[in-house]
Structures are given as C-alpha cells and as structure tokens.
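K.L.:
For the record, the sequence lines run as chains A and B.
First residue of the first sequence? That's 1 in the UniProt record's numbering, and the numbers climb one at a time after it.
First residue of the second sequence? That's 1 in the UniProt record's numbering, and the numbers climb one at a time after it.
Ideal Cβ positions, reconstructed from N, Cα and C, are used throughout, including at glycine.
Please read all numbers here as calculations on a predicted model, not as lab measurements.
Handing you this structure, nothing more for now.
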Amino acid sequence: MRPLFKFHGGIHPPTHKAESTGSPIAQAALPSKLVISLHQHVGNRAVPVVQVGERVLKGQIIGRPEGRLSSAVHASTSGTVSAIDMQLVAHQSGLPDLCVTLVPDGKEEWIPHSGVDYKQVAHTDLRHMLRQAGVVGLGGAVFPSDMKSYSHKHKIRTLVLNGAECEPYITCDDMLMRERAGDILRGAEVLRELLYAEEVLIGIEDNKPEAIAAMQQAVLGDKHAHMEVIAVPTLYPGGGAKQLIRVLTGIEVAAGVRSTEMGVQCFNVATAYCVWRAITYGEPLLSRIVTVTGNVEHAQNFEVLLGTPVDELVAQAGSKPDTERHIMGGPMMGVDLPSGSVGVTKATNCIIEASSRLFPPPPPALPCIRCTRCADVCPAELQPQDLYWFAKAKDFGKAQEYHLFDCIECGACAYVCPSQIPLVQYYRFAKSEIWQREREAQAAELARERHEFRLTRIEREKQEKAERLAQKEKAALAAKTAAPAPTPEPAAVAKAATDPDDTLQMRIDAAVARAKEQAAVAQPKNTDTLTPEQQAEIAAIEARRANIREMAAHAGADDEPPKSNQG
Amino acid sequence: MWSSPFITQPSSVSQIMLRVLLALIPGIALYVWYFGPAILVSIVLASATALATEAAMLKLRQRPLKPFLTDNSALLTAWLLALSIPPLAPWWLVVVGTAFAIAVSKHLYGGLGNNPFNPAMIGYAVLIISFPAHMTHWLTPHALAGTELTFGEQLDYIFNSVLPKGLSLDAVTMATPLDTLKTQLHLGLSVDNIRDMPIYGRLAGKGSEMVSIGFAIGGIYLLLTRIISWHLPVAFLATLFATAGIFHLLDPAHYVTPLFHWFSGAAMLGAFFILTDPVTSPTTTKGKLYFAFGAGLLTYLIRAFGGFPDGIAFATLLMNICVPLIDAWTQPKVFGKKGGGK
Ligand code: SF4
Ligand code: SF4
C-alpha cells in the first residue's frame, strides 16, 4: 500500500451522492436554443468569427482563441446563429458576457473532423489541437489544457489525475469514471506524454467504490504501466488540486507557486477524457456531463450540449415546482445562477435545484466567540477568525498579512462556525475590496501623472508664448530702427515649433511606460498562482480595470491622449 | 443573493455553552453532597441576575434580545462566578458580582465575543478586592461540621444575614484548605503537621477534593465531545504539577505535593472551564500552550507566595492581557509555507 499524506482540517458534510448515481448517464434532449458563452475559460474571451444569420455546423469554431491564455469555442450542434450579444452567463460575477445564440436545426451535421495518433505528432501540434478543440479543465477550474500540459522549466515527475470529487451532490466524474474509464486513461497517457511525467496517480475518494473498481480494471486491462488508482479518504475539500496533490505525494504547493515547480501537475478525469476525444477523433469539446440533482424528481447525470439553457436541462430531471434557485457546482463552493436562462458552460459540473426546504437559510449570525473551530478545519491552515475580524474591520492590509489570498474559499470554516457567520462572504468582500483599491490607486497614479504633464505643458506654452512675444517685439523694434531684418531661417522655425512638442511627447511616452511598469509590479500579494476561479475573477476585474483606464484616458481629453492607453 | 457554502453544520453557540453547563453538573452535585444545597441558591441568584443584566444591557445597546439571551453564555458566566463565591455569601454579593461581570466586563467591551477578560473572573476579582471578608466564609463540609445549618437557616442567612440564636458564623464556616495551609505555614507549622488537620482529606481539602474530581469528570466529558481541545487544561495542569513538584521536592516541609495543588481551590474548574473560555484565550495552538503555561506558573506563584489564597482568577486575568500578543507571536505557517519553502 502506498503511504498517503494528510492535509490539515477538512470536514465531512453529508454527501448526497446516492441520489444521482442510480441511473447511467443519459443524453440530454436537444434544446430549443443554445446560449454559448464566448468566455468559457480562464483567460481571454474568444473572438466571435460567425455572423448573425449564418448557418453553422456541429463542431465549427464560433469563437477563435485570442492571446496566449485562451481557448476556442464551438457550435455544439448544427443550426443558425440567431444572436451575438451580451447575456447573463453561468458565472459567479453575475455579470453578462458575450454569447452566441444558436437555434439548432436538429440535423446534427458535423464539420469534417479526424484525429491523429498522438505518438506520431509533435507536442506543439498536439497542444495546438487541444487549444483549437477548446479543451479546458472540466473540474470547475476551466484552465486551458494546452497551457497546463506544458512545463518547459521544471521536470514533472507525477501527473495527478483528479477523480476525488469531494463536493456533496456532484457525481459527474464518478459516473464518467464508471462508464468511460478506458478513454479517461488513454487521455491521461497523452497528458503524461506531453508532460514527460514518470507516473500517473489517480486519486478517487473512497466513497466511490464502483468508480475505483472501474478505473482499476481499466488500468490492468489496458496495461497502463506507470498508472495507479489510489483510494483517498473521503474528506472535504480533498478534491482541491492542492489537497489531492498533498494527499497523494506529500508535496505542499504553496499559494503563489505553480505545482509544476514542484514536479507535479494535476488534471481532472473529465479533462483527460476530452483530451482523448480531441486528439484521437478530432472532436472539439461540445458537451459535458452535468449532474442534475437536489429538488428534482429523479436526480441524474446527463451528457449536455454546451449552451443548453439550464431551465431546459433541469426540466428533464423533473425540477419540482417549489424550486427557488439553481446552484451551479456543489453546495460548498457553488454559485447561485443569476437566471435559469443561462447556458451550460464547460465549468458546469452540477446543477442543484434549491428550495428553502432543502437548503434552509442560516439563522442570523452571532458574534465570533473565537472558538477556532474554523481554524481547526481550514485546509489552508489559516486563522479564519482573524481574517474575519480584519475583513469586518476593513483592515485589509492586516488581512493580506494574515494570508487572505491563500484562502481557497472552500467554505469549510463557514460550515462549522457555531455562530453561523458567513465567513467566506467576508473573505470575498475583502479580496474584491483589495483589488478595487489596487485599481483605484493605479487610476489615481495615472491621473496624477497626467495632471503633472498638463501643468508642465501649460507652463512651457506660457514660456514659449512669452518668448515669441519678446521676439516679435524685438523684431518690430529692429524693423523700426533698421532695415528689414532677414527672415528667420525656416529650419530654425520648424525646429522651434516641433522641438518642445517632441520632447514633451517623449516624456509622456516615458511616463506612460513608467506607469505601466508600476502597474505590472504593484500586484497584490499572493496573486501569482491562484485557483482558476480566482483567476477568472481577476480576469474579470482586469477587464473592468482596463475599462477604467480607458475612461481615465478619455477623461483627460483636453490633455494630449498618450499614444497607447491599453496598459 | 446567497453565496456558498449553502449548507452548514447544525451547531450553535448555545449548544456549546449548554454542553459546558451540563459538564459542570457532576461538580455541582458533589458540592451539594458535601456542603449542602446553599450553592444552588447562589447559582439561581447569579443566573437570574445574569439574564436580567444581559437583557438590560442588550436593550441599552439596542441589540436583539432573543439570540443573545438564548446563547447560554451569560448563564455560564453566572455559574462559574457562583461556584467561585462562598455559598453562604449574602445575596447582594452574588448579585453585585454577576451584574458587574455581565454589564461591565462583557457588555461595555462590546458584548459576546469582544470581551478581553474572562467576565466571571473579573466578577470574582472585584468581589475579593472589594469585600474580602465576605469572601472567606466558606461552608464547612458535612463530615467536619459540629453544627450544621438547615437549608431554611441557610436561606435566612443569605437573604437576611440572620443566624440561629447562639450560633456564630465561625461555627459553620471555615477558611478554605488553601487558605488554612497558608496561614498555618506562616505560623511556623510544617506541611506534615498541617495536613494532619481534620479539614484535609486524601488529596486536598475534605469534600473540596471530591468537588474537584467532579469538575475533572465534567472536563473530560468536554474533551471527549471536542467542545474544548486538550491544550489548555493539559498544559495548565502539567505546569502546575511540575512547578509544585519542584518546590515540593526541594522542601517538602514547606511546600505541599503537586496533587494537593491539583485538587484544591479552583484548579480543576480553572483548567477545564475557566481558562478554556474561547473568547479570552488564544486562538493558535502554540498560543494556547503558552497561555496555559503562564497561567499554571502564575497560579502556583500566587498560591505559594502571593497575597490571595487562590491564584486562578488573577492568573487567568493576567494571562488574558497577554492574549493579543501571544496570538500575534504564534501565528502558524500556512499551507505550503512550512519547511522554509517559499
Ligand atoms: S468558528 Fe466561527 S465563532 Fe468559532 S472562531 Fe471561527 S468564526 Fe469565530
Ligand atoms: S474558506 Fe478559506 S479560510 Fe475558510 S476554511 Fe476554506 S481556505 Fe480556510
């Protein structure tokens, strides 16, 4: 037996998994329309490459990846593009994002596609295929897989395949492992090859004996050398990448450190499955397994086309009439969807239909009694009661000092708090406040510099004017007293006219560059390597930040706008 | 809009406090068995005062009454204070002490969770400084009492300060075993001679040692149900034991055995119920150990060399002062930052 390691804390919430594992994965019906977000992954939003009214085929790219950290988005079926506009999306921000709406024609007409033998193809080409196929992490992390399957600097020893699925209610990975273990492992082989990893450790919580058996069977049956299925103790949040890495390898990946630096990389089992489909069949990521559970007649897992409206999906599981909300993800870390009209995305692993009978609202919070039950269960080994105190007192500097950004927002602390304090909300609040201040500080700095340039320029202009005036007077005087003076050398005039502006422009450019540099340096602590959710959040905030900068640039319109304002 | 987590464990402050109250019951039962029911009167008085003061303060501070009145924290303060005051103390002593504990040392500092000092111990300290004489009339255990007051006579004394004709207070009360020890040592007696006095039992004072065992049993229940962690009681008792042991070994004639210290005064009550008040003790594991170590050492020093018979209350309060510092100095390394890693 392989020795397992422990991580600090953890909790045992009721699992509620049996409800949705009674029947096999079902194919969800073709919905009346698909609302496909162009921002399905961490990083840059895909750029739409289709037009309203255009007919598209199943698997056709409708959003092309933009920039390094991005991934393609496809039409999940054949049909007609009916709109490209901002719509509510399945994301915790609750903000609308650009979506392509597709009306299916029911023909399921594919684009031509074919796969390759991964052993015959260069790694860069394989990664390009993954990017073009829109393969991103399906464990809720949604990090583009092509970027994760690459480690140029560090030798990867261990590839961890995450089948832990520790959140209550969610069973999509469990069912996938039970039914498609072979393809998952083949995908893992591709990833192992890309990373040159020595071993693959497949971690599955021991409350999924069927999945463990199926995966073990597949390892032995297909003779996957270097692969090992390991049952890990059921303990939330044991399925967090860092926690699983810790349990399987003993390595602790600190916040701000990439796991690859420590020789480990972690992929979700469903991602490995999609990697295999994308490479061997050339199939883009068009659907995923979604658990529909909670307040429904028959909880079940469905294979769902991306973009399927949540309303239409839950109807197939018999959502009960007293359902009040849809939670995407698990009850511990999931998000309350802004509407039932949002489309399923690559990050949608589970929809929990929620009623107040099933999830009664917590009683009003009492003051913290410093009982440290929260600290006892915190997997990041933080002092949640202190973070709460600082967040509440708006002492954000202190909160950062006490490692606020190491918090993975797992909710274990809030789960056990006898005072029923919504601790995680306070942490989210503190984090967003810190980002907000960061933004404002940068905007203010930029504005200050602008203002200073403006003053310099006005001063300079005044001087020039005075000089010109003096010169004119002098010239007039000279003209009066003597023969007409020779006209000034044209070159000199030109020089006088352009020189100050030139230096001014140069100084502005230099200042802008400086501001940019400062902006790049002045990042909040501990934000280098964050959970993908956090990265998504940061990305959203970054976008807003860019917006503000642009606004700031236009606000100073009486000033010369610098040549480039996209910081 | 809600945000995650959407589920929580059904645990509550009032449940925790209730368990702690329950855990006090074996000790209280033994108290009644060995010293008579007067202590129950103090407990009832203190509880009523605590709830009334809590309600009044909440009203004044415009806080909702219900969640706070039912959180059982005021009751716990009341019980702990009642157990620290001589049961025959006049009724107003209990009332003043409890009201002060709740109104000043809890609510004026911001109420539940915000008080830096253990309220019960503040109440005790105020009383022993303000009314030292009243705080020394402890009941004599049944086994030693020549004359005993009936429950009615006890009530009469508590509420009207009237004793039956021909009885003096000295006939029914005595100094605590710790106090007696101190005075007798001053008079030049050796520990062995003193321990031969009838008020001492096997481990410490007759009766009071059994009450201590009762509190220890309750404490073990709290440990087993994980209401409290082992760090505070174990570190405290170990320190007290070790310090007392060293002195005892050096000079057995002048310093009693460590077991005597464990089972007299409020050592057990302090170890399991007073130091473990979460609000006023450190939150870090290491901090808890330091805190309990300091409290154990101070308790011994006050008992052996200080001016008060028992050191628990002052040791607790002194260590309460240090809590913010201890917490700041003992911040543990977070996940992934151990072993000199980045
Ligand atoms: S669990 Fe709740 S009451 Fe206890 S210390 Fe943490 S925040 Fe405070
Ligand atoms: S939410 Fe943050 S502070 Fe709370 S237990 Fe999880 S990691 Fe720790």
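Residues of chain B with CB under 7 Å from residue 368 of chain A, in chain order?
P.N.:
Within chain B, the residues near residue 368 of chain A are 113.
K.L.:
Can you give the Cα-Cα distance for residue 351 of chain A and residue 299 of chain A, rounded to whole angstroms?
P.N.:
10 Å
K.L.:
Less than 7 Å separating the beta-carbons of residue 177 of chain B and residue 213 of chain B?
P.N.:
no
K.L.:
By the three-class DSSP mapping on this structure, what secondary structure does residue 230 of chain B have?
P.N.:
coil
K.L.:
Any Cβ of chain B within less than 7 Å of the Cβ of residue 310 of chain A?
P.N.:
Taking 7 Å as the threshold, the shortest C-beta distance from residue 310 of chain A to chain B does not fall below it.
K.L.:
Does residue 382 of chain A come within less than 7 Å of chain B when only Cβ atoms are used?
P.N.:
yes
K.L.:
Taking contact to mean at least 3 C-beta pairs separated by less than 8 Å, is the segment 130-144 of chain A in contact with the segment 338-351 of chain A?
P.N.:
Contact holds: three or more Cβ-Cβ distances are below 8 Å.
K.L.:
Would you give the residue range spanned by the alpha helix (DSSP H) that residue 97 of chain B belongs to?
P.N.:
91-102
K.L.:
Would you say the beta carbon of residue 192 of chain A comes nearer than 6 Å to a heavy atom of ligand 1?
P.N.:
no
K.L.:
When the Cα atoms are used, what is the spatial distance from residue 198 of chain A to residue 145 of chain A?
P.N.:
19 Å
K.L.:
Does ligand 1 have even one heavy atom less than 6 Å from the beta-carbon of residue 419 of chain A?
P.N.:
yes
K.L.:
May I ask you to report which of helix, strand or coil DSSP gives residue 521 of chain A?
P.N.:
With a pLDDT of 48 at residue 521 of chain A, under the threshold of 50, the modelled position of this residue cannot be trusted, and the question is left open.
K.L.:
Within 10 Å of its beta-carbon, does residue 373 of chain A have 16 or more other beta-carbons around it, so buried, or fewer, so exposed?
P.N.:
buried
K.L.:
Specify whether the segment 130-145 of chain B and the segment 103-110 of chain B touch according to this definition: at least 3 beta carbon pairs, one from each stretch, less than 8 Å apart.
P.N.:
Contact fails between the segment 130-145 of chain B and the segment 103-110 of chain B, because fewer than three Cβ pairs, one in each stretch, are under 8 Å apart.
K.L.:
Determine, using beta carbons only, whether residue 340 of chain B comes closer than 7 Å to chain A.
P.N.:
Residue confidence is low: residue 340 of chain B scores 45 on pLDDT, short of 50, so the model does not pin down where it sits. No coordinate-derived value is stated.
K.L.:
Pull out every residue of the segment 68-96 of chain B whose Cβ sits closer than 9 Å to any Cβ of chain A, in chain order.
P.N.:
68, 71 and 73
K.L.:
Identify each residue in the segment 326-342 of chain A for which the Cβ-Cβ distance to at least one residue of chain B is less than 9 Å, and report them in chain order.
P.N.:
327, 329, 330, 331, 332, 333, 334, 335, 336 and 338
K.L.:
Would you mind sorting residue 119 of chain A into buried or exposed? The rule is 16 or more other CB atoms within 10 Å of its CB.
P.N.:
exposed
K.L.:
Does residue 20 of chain A come out as helix, strand or coil in the three-state DSSP assignment?
P.N.:
Under the three-state reduction of DSSP output, residue 20 of chain A falls in the helix class.
K.L.:
Can we count residue 409 of chain A as close to ligand 2, meaning its CB is less than 6 Å from some heavy atom?
P.N.:
yes
K.L.:
I think residue 110 of chain B touches residue 63 of chain B, with their Cβ atoms under 8 Å apart; what is that distance to the nearest whole Å?
P.N.:
So it is not a contact: roughly 11 Å between Cβ atoms.
K.L.:
By a C-beta neighbour count over all protein chains shown, 10 Å radius and 16 as the cutoff for buried, is residue 85 of chain B buried or exposed?
P.N.:
Residue 85 of chain B counts as buried, since at least 16 other C-beta atoms from the protein chains shown sit within 10 angstroms of its C-beta.
K.L.:
I want to see whether chain E comes within less than 7 Å of residue 39 of chain A, judged by CB atoms only; does it?
P.N.:
Here the protein chains are A and B, and chain E is not one of them.
K.L.:
Counting only beta-carbon atoms, is residue 359 of chain A nearer than 7 Å to chain B?
P.N.:
Interface residue, yes.
K.L.:
What do you get for residue 364 of chain A, buried or exposed, if any count of 16 or more other CB atoms within 10 angstroms of its CB means buried?
P.N.:
exposed
K.L.:
Can you give me, in chain order, the residues of the segment 32-44 of chain B that have a beta carbon less than 9 Å from any beta carbon in chain A?
P.N.:
none
K.L.:
Taking residue 371 of chain A as the reference, give the member of B/227, B/153 and B/160 with the closest Cα.
P.N.:
Taking only the C-alpha atoms, the option nearest residue 371 of chain A is B/227.
K.L.:
For ligand 1, is there any heavy atom lying closer than 6 Å to the beta carbon of residue 378 of chain A?
P.N.:
Result no, Cβ not under 6 Å from ligand 1.
K.L.:
Quick one: measure Cβ to Cβ for residue 74 of chain A and residue 286 of chain A, integer angstroms, because I've assumed they're closer than 8 Å.
P.N.:
6 Å
K.L.:
In angstroms with no decimal places, state the Cα-to-Cα distance between residue 475 of chain A and residue 456 of chain A.
P.N.:
28 Å
K.L.:
Take residue 312 of chain B and list the residues in its own chain whose beta-carbon comes closer than 6 Å to its own, dropping the five residues that flank it on each side.
P.N.:
Counting only Cβ-Cβ distances below 6 Å, and skipping sequence neighbours, we find 266, 270 and 299.
K.L.:
For chain B, check one thing: does any of its Cβ atoms lie closer than 7 Å to the Cβ of residue 264 of chain A?
P.N.:
no
K.L.:
Between residue 192 of chain A and the rest of its own chain, which residues show a CB-CB distance below 8 Å, the 5 nearest in sequence each way excluded?
P.N.:
159, 200 and 226
K.L.:
When every heavy atom of ligand 1 is checked, does at least one fall within less than 6 Å of the C-beta of residue 388 of chain A?
P.N.:
yes
K.L.:
Which ranges would you report for the alpha helix (DSSP H) in the segment 10-64 of chain B if only whole runs of at least 4 residues count?
P.N.:
The segment 10-64 of chain B contains these whole alpha helix (DSSP H) runs: 13-35 and 38-60.
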